[in-house]
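Using my numbering, read the sequence shown as starting at 1256 and increasing by one per residue.
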Amino acid sequence: MGRNRDFLKGWNGFEKGYLLALLVLPAVFTLVFGGTLIGCLSTTLYLFWCLFLAKGKHYANVIGIFAVLLYSYVSFTVRYYGEVVISLAVLLPLIVFGLVSWLRNSRYDEDRGNVVVVAGMDRKEVGLAAASQVVMGVGYYFVLKAFGTTFLSVSTLSIMASVLATFMLARRNRYAFHVYIFNDVVLVILWGYMVLAGDAGYAQILLMPAMLLVNDVYATINWSRLKNAQEGQAP
């Protein structure tokens, strides 16, 4: 019973402030820039998912399943087929794999509640994973080109980075967040293009990668603390 009551256990000041921001800012951007309700919900849910990933909560991937489905729909409406393909064909299966992996490899911490056990991949595995995305990136490009994808090159980069980072995170590797940071920058360009093209309503979607950038920088710090604590070192 006690473990079921630790949903918000161990939250520090930054996490509480970020939680408040992700609840308020998407709604504010929607009202100010005339975005859609479903776009606001997509942004909020996606940010919830990534915050709980940053905290190492084992239930984060449950939220991620719904977040990815909703984000896919929003991306489809603006012909960002690269985002749709990566979300449904690759990210969704990897999130399910990550959910199983994290449930099997979590532990209860008196200060943080249930958190994932941070692991690592050897250099060979990381190298093979990265090399596979370089090779598959060529395939992504031509498939997306056939679909007439908007902003083709940036969409291809987003796919490559997202697949690599999500796989690494499913394997509980803390360096996944470094790849996510790169992808956040790519997504800022992707959605920023829509805003600069004259549709201010997509500022609510642009908010997401901007906040994710903050989230993922924090995640690199927090996962290092988790790993140190789990190894019996001073956090």
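The beta-carbon is built from N, C-alpha and C at its ideal position, and this holds for glycine as well.
Would you kindly work out how many angstroms separate the C-alpha atoms of residue i and residue j, rounded to a whole number?
| i | j | result |
| --- | --- | --- |
| R1429 | V1340 | 25 Å |
| N1483 | S1297 | 34 Å |
| V1323 | L1343 | 8 Å |
| N1369 | A1401 | 45 Å |
| G1319 | R1427 | 15 Å |
| T1411 | F1422 | 17 Å |
| K1271 | L1306 | 10 Å |
| F1284 | C1295 | 8 Å |
| E1365 | P1281 | 33 Å |
| A1309 | F1397 | 34 Å |
| V1516 | S1387 | The structure shown does not extend to residue 1516, since the chain is modelled only from 1256 through 1490, so no value can be given for it. |
| F1269 | I1460 | 23 Å |
| S1408 | M1449 | 15 Å |
| T1332 | N1360 | 37 Å |
Per DSSP, residue i is paired with what?
| i | result |
| --- | --- |
| Y1363 | N1369 |
| A1374 | N1428 |
Return the first residue and the last residue of the alpha helix (DSSP H) that residue i is part of.
| i | result |
| --- | --- |
| I1320 | 1315–1332 |
| A1384 | 1378–1401 |
| V1283 | 1268–1288 |
Between residue i and the ligand MN, is there a pair consisting of the residue's CB and a ligand heavy atom that are separated by less than 8 Å?
| i | result |
| --- | --- |
| Q1485 | The ligand MN is not part of this structure, which contains no ligands at all. |
For residue i versus residue j, is the C-beta spacing smaller than 9 Å?
| i | j | result |
| --- | --- | --- |
| A1458 | G1290 | yes |
| H1313 | W1357 | yes |
| N1438 | S1413 | yes |
| L1419 | G1337 | no |
| T1405 | Y1335 | yes |
| M1415 | G1392 | yes |
| V1373 | G1311 | yes |
| V1317 | L1481 | no |
9 Å is my cut-off, CB to CB: does residue i come that close to chain B?
| i | result |
| --- | --- |
| L1451 | Chain labels in this structure do not include chain B; a single protein chain is all it has. |
Is the region 1383–1393 in contact with the region 1440–1454, if contact means three or more CB pairs nearer than 8 Å?
Judged by Cβ distances under 8 Å, the region 1383–1393 makes no contact with the region 1440–1454, as fewer than three pairs qualify.
Is the number of C-beta pairs between the region 1430–1442 and the region 1459–1472 that are closer than 8 Å three or more?
Touching, yes.
Kindly confirm or deny that the region 1275–1289 and the region 1299–1308 touch, where touching means at least three C-beta pairs closer than 8 Å.
Counting C-beta pairs with one atom in each stretch, the region 1275–1289 and the region 1299–1308 have three or more that are closer than 8 Å, which means they touch.
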